[in-house]
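J.: Heads up, the sequence shown is in this note's numbering, so the first residue is 22 and it goes up one at a time. Quick one: structure below, then a few questions.
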Amino acid sequence: MAIDTVSKMFWQGVRTRAGKTIFRQKDFGIWRPVTWDELGRTAREIGMGLASLGYAPGEVVSILGNTNREWMAADLGALGAAGVVNGIYPTDAPMQVEYLLSDSGSVHAFVEDEEQLDKVLEVRDRVPGLRKIVVFDMEGLDELDDPQVMSLDALRALGRDHDAAHPGEWERRVGLRKPEDLAILCYTSGTTGKPKGAMISHRNIMATCGAYQASFPQDEHDERMAFLPLCHIAERVGGEYHALYTGAVLNFVENPETVPENVREISPTVFTAVPRVWEKFYSGVLIRLKEAGALQQLAYKVAIGIGYRQAKLREERKPVPAGLAFAFLLARLLVLNNVRKVIGVHRSKILITAAAPISPDLVRWYMALGLEMLEAWGQTESCGAVTGNPRGGVKPGSIGPMMPPSEVKVSPEGELLVRGPGVFMGYLRQPEKTAETLKDGWLHTGDVGKVDDEGYFYITDRMKDIIITAGGKNITPSEIENQLKFSPYITDAVVIGDKRPYLTALVMIDHENVEKYAQDGAIPFSNYASLCRRPEIQELVQGEIDRVNQAFARAEQVKKFRLIEHKLTAEDEELTPTMKLKRRLVNDKYKALIESMYMKEAA
C-alpha cells in the first residue's frame, strides 16, 4: 500500500515503530512518554467510536482546545476513520466557534474541558448539524446529564466495542481516502472579513512533509517541542505531521507561559518558533546580563564579539581562520554555551523561525552563539513553508531559496507567487475568493518580495501594508517594526503613516522587562497602564525609537509614538494566534490614539 495519505503514514509508523516514543507530555511535574502503539490504540478507539456514531467518510469534526496529546489523538482518530478535521483556536469566543462549526459543516466537536464545552453549549441550538460533543477532561462535569455530551473515555469504550464487532473496519477506513481528498481545514485569521476555510489535501501535507525533511532533516533521535496552536498550519504540518513522517519525538508544553521553562527541560534538537519567542529569549539574556557582575559582562562582551566575527565570515561564505575558530571554541566553552543553556538550545542542531518577519540582527545574534537559525516562509494556502534558508547558507533578512518541489517567482507587480503540490485546494464554499487567490495554477500570496542572483527570496512587505506617505514616499513598515522589536523593552509595534505627513507607531512594551526596569530604577507604578504612562518609561521607549531611527532616512523615521496601555494576550482580538498585532484591526481600534499623534500642536 502506497504511503500517500496522513492516515496511512501514521498507521505505517504504528506498525514499524511500535515500542518507540512518539511524544511526551508533563503530568504532575514528570514528562511521561507515549509510544507509537499506545497512540495508535487511542486513535483507533476514537476513530471507531466515531464510526459507531454513524460518522461517514468525508464528514468534518472540529477540535477546540490547547495543544496536547488528546488533540493529536482525536485528529489522527478522525482522519483514520476517513474523516476531515477542523481546528478551532482555544481563545475563540462563542460567536467565532459558532461560525466555524457551521461553516465547516462539523457533525461532531471535540472540546478540551468545561470552559470550551460552555462555548459550544451556548451556540449549539444555532448549529443544527452538530450531533455529539466529546469532552477530553471531565473535571467539574461529573453531574452533567446531557445526551449530546459524552466523555472521551466513553467514546473510546464505544470504539473498542465497535472494533470487536467489525474486524477489519479500521484498516478499511485508513485505506479509503485518496491523496487528492480533503484532509484538514485551516481557517485564516479573518482580519478583513469572515475567516476563510483553507482546504488542505492529503497530497498537500505529504508533499510538504517531504520538502521539510529534505531541507530540515530529522529522525527518531530528535526532540521537538509542540506549543503553537495545532489548528495553525505551522504546528499541524511542521510539528505533528512532520514528526509522524520522521519519527522525531514531540514534547507538548504545559501551556504557552511555561515555554521558557519547558525549553530548558526538553533541550530540543530541532526548535521551530515564531519571532516573538526568539525575541523573548534574547531580551531575557540581556536583562540577566545587566544583573551580572562586571567580570561576567566583560566575558560575554569578548565572547559574543568573537562569535559575531565568525558568524560574519559564515554569512559571507568565507573560511574561518584557524585562530578565530580556536578562539570561538574557547568562547563557546567558557561563556556562550552557558548562554545557550540559559535559553535551552544547547543541543539544537537547527532553529527555525517562521510565521512572521524577524530582525536580521536577531538572526545574527543566534549565529554568534554558534547556532543555525533558518528563516522559512510560507502560508496556510501553501500548506506551510515553501522557501527556507539552508544549513550552512544562511542569509539574515532572507527567507531563503525555494524548497523543491515548490516553485516560487516574483510577478511583474512584485508579488510572490507559488506553484506546486503543496498549494491548497481552495477556500471552502468560496469560489470567488479562491479565484482571486489561485490564478493559472499559481498561488497569489499577497506578499511583496524580490529575489537575488543566488535565488534567495526576500519579503519586503504585504502588498496591502505598504505605506505611501502624503509626500508620495513608499515605505515598508515591517523593516522598521522588526528593528523596534529587537529592543528588549518592545514586544511589538505597528508603524502608521499611509497618506500621512510623517510616520508614527503604536508600541506594545515587554511587560516583564519594563517592569523590572521600573523596579530597578525605583519608578513607582500601580498597574500595567500606570507603568505605560510613567514619563521615565516614555523616555525609555523614545530612546529605543531614536536608536532605530538612526538607521533610516528622514522620511522613514518614526516621529511620534503611543503605548498600548492594555496588556494584550492571545485572548485579545488585536493579536493573531502566533502573537502578531493585526495591523488593520489595530488601526481601527486605536483610531483616536493614532489621530492624537497627528493633531496640530498648539502654537
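Cβ atoms here follow ideal geometry from the backbone N, Cα and C, with glycine treated the same way. Keep in mind that this is a model prediction, so the values were computed, not measured.
Find the nearest neighbour of G75 within the set L122, L121, R90, V128, judged by alpha-carbon distance.
T.: Closest option to G75, Cα to Cα, is V128.
J.: Identify which residue in E119, V415, S172, E164 has its Cα closest to the Cα of G150.
T.: Checked all of E119, V415, S172, E164; the closest Cα to G150 is E119.
J.: What residue from G326, V469, P250, Y329 has the CA that sits closest to K430's CA?
T.: Nearest of G326, V469, P250, Y329 to K430, Cα basis: V469.
J.: By Cβ distance, which residues of its chain are closer than 6 Å to I24, with the 5 residues on each side in sequence left out?
T.: Cβ neighbours of I24 beyond the five flanking positions: M30, Q33.
J.: What first and last residue would you give for the beta strand (DSSP E) that runs through L392?
T.: Element bounds for L392: n/a, residue is neither H nor E.
J.: By alpha-carbon positions, which one of A352, E577, A269, L122 ends up nearest to R45?
T.: Looking at the Cα atoms, A269 is the closest of the given residues.
J.: So, V407 versus G365, is the Cβ gap smaller than 9 Å?
T.: Not closer than 9 Å, so no.
J.: Classify F507 as buried or exposed, calling it buried when 16 or more other Cβ atoms lie within 10 Å of its own Cβ.
T.: F507 is buried by the Cβ-count criterion.
J.: Could you check how far apart the C-beta atoms of I226 and A204 are, in whole angstroms? I think they sit under 8 Å.
T.: Right, the Cβ-Cβ distance comes to about 6 Å (below 8 Å), so this counts as a contact.
J.: Considering Cα atoms alone, identify which of G231, E500, A99, I585 is closest to F573.
T.: Considering only alpha carbons, the answer is E500.
J.: Would F445 and A219 qualify as a contact pair, given that the criterion is a beta-carbon distance under 9 Å?
T.: Against a cut-off of 9 Å, the Cβ pair of A219 and F445 comes out as a contact.
J.: Take L438 and list the residues in its own chain whose beta-carbon comes closer than 8 Å to its own, dropping the five residues that flank it on each side.
T.: Cβ within range, chain order: V429, K430, V431, S432, W463, L464, H465, T466.
J.: Does DSSP put T290 in a helix, a strand or coil?
T.: DSSP places T290 in coil when its eight states are reduced to three.
J.: Give me the Cβ distance between S288 and H367, rounded to the nearest whole Å; I'm assuming they're in contact under 8 Å.
T.: Sure, about 6 Å apart at Cβ, within 8 Å.
J.: Pick from W386, P238, F546, W92: whose alpha carbon is nearest that of Y321?
T.: Taking only the C-alpha atoms, the option nearest Y321 is W386.
J.: Please report the distance separating the alpha-carbon of L1 from that of M394.
T.: No information on residue 1 is available, as it lies outside the stretch 22 to 624 that the chain covers here.
J.: With DSSP as the reference, please indicate the residues paired to H129 in a beta bridge.
T.: Paired residue(s): V82, K153.
J.: Ends of the beta strand (DSSP E) at Q46?
T.: It spans 42-48 - the beta strand (DSSP E) in which Q46 sits, taken as one unbroken run.
J.: Where does F31 fall in DSSP's three states?
T.: Reduced to three states, the DSSP call for F31 is helix.
J.: Whose CA, out of F237, G189, E135, K612, lies closest to the CA of R65?
T.: Considering only alpha carbons, the answer is G189.
J.: Whole angstroms are fine: how far does the CA of L383 sit from the CA of T212?
T.: At T212 the pLDDT is 47, less than 50, meaning the model places this residue with poor confidence and gives no usable figure here.
J.: By DSSP's criteria, Q400 is part of a beta bridge. Which residues make up the other side?
T.: Looking at the DSSP assignment, Q400 forms a beta bridge with G405.
J.: Tell me which same chain residues have a C-beta within less than 6 Å of the C-beta of I517, skipping the five on either side of it?
T.: If we look at I517 and ignore the five residues flanking it on each side, its Cβ neighbours are T525, I615.
J.: Return the residue from the list L602, R521, S547, T590 that minimises the CA-CA distance to S617.
T.: Comparing Cα positions, the closest option is R521.
J.: Going by the DSSP bridge assignment, what does W191 pair with across the sheet?
T.: Answer by DSSP bridge pairing: none, since W191 is not bridged.
J.: Given that a residue counts as buried once 16 or more other Cβ atoms are within 10 Å of its Cβ, and exposed if not, what is D609?
T.: Result: exposed.
J.: Grab the span of the alpha helix (DSSP H) containing V306 for me, first residue to last.
T.: It spans 296-312 - the alpha helix (DSSP H) in which V306 sits, taken as one unbroken run.
J.: DSSP state of A432, grouped into three classes?
T.: The displayed chain sequence assigns Ser, not Ala, to residue 432. Here S432 sits in coil by DSSP.
J.: Going straight from the alpha carbon of V155 to that of V81, what length do you get?
T.: Cα to Cα, the separation comes out at about 14 Å.
J.: In chain order, what are the residue ranges of uninterrupted beta strand (DSSP E) at least 3 long that sit wholly in the stretch 308-379?
T.: If we require 3 residues or more, the beta strand (DSSP E) runs fully inside the stretch 308-379 come out as 371-374.
J.: Relative to the C-alpha of E286, which residue among P342, I325, K362, D240 is closest?
T.: With distances taken between Cα atoms, E286 lies closest to K362.
J.: Buried or exposed for I327, please, with buried defined as at least 16 other CB atoms from any protein chain shown within 10 angstroms of its CB.
T.: By the neighbour-count rule (16 or more Cβ atoms within 10 Å), I327 is buried.
J.: In this structure, does DSSP put A15 in helix, strand or coil?
T.: There is simply no residue 15 to check, as the chain begins at 22 and stops at 624 in what is shown.
J.: Let's test the definition: count the other Cβ atoms within 10 Å of the Cβ of S369 and tell me whether it reaches 16, buried, or not, exposed.
T.: Its Cβ being crowded by 16 or more others within 10 Å, S369 is buried.
J.: Should Q504 go down as buried or exposed, given a rule of 16 or more other Cβ atoms within 10 Å for buried?
T.: The residue in question, Q504, is buried, as its Cβ has 16 or more Cβ neighbours within 10 Å.
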